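Residue numbers (our numbering): 445 to 511. All C-beta atoms, glycine included, are put in the ideal place defined by N, C-alpha and C. All figures in this text were calculated on a predicted structure; none of them were measured in a lab.
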Amino acid sequence: MSQHDGRPPSADWVAQEMEQMLRECDALLESHDEQLRRLRKAIAEIKAEREVACGNRDRAQRVLGRV
Numbered sequence: 445m446s447q448h449d450g451r452p453p454s455a456d457w458v459a460q461e462m463e464q465m466l467r468e469c470d471a472l473l474e475s476h477d478e479q480l481r482r483l484r485k486a487i488a489e490i491k492a493e494r495e496v497a498c499g500n501r502d503r504a505q506r507v508l509g510r511v
């Protein structure tokens, strides 16, 4: 929906455009929020795995007498 006749847009047209923009922004925000939730979960899992690997590494170094 666009204005091509050179007249200022009507209030109804502006309202419809803003409602559409709100819907698009809400959908994008919801999508990004879901992506952020998944990323935070993945980061937490990686951090937990890293802690285990660090612990295993430390134990191996102690056994080898390198600490």
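Inter-residue Cα distance where the pair is residue i and residue j
i           : j           : result
residue 487 : residue 454 : 49 Å
residue 476 : residue 482 : 10 Å
residue 497 : residue 504 : 10 Å
residue 502 : residue 509 : 10 Å
residue 457 : residue 466 : 14 Å
Span of the alpha helix (DSSP H) around residue i
i           : result
residue 499 : 455 to 507
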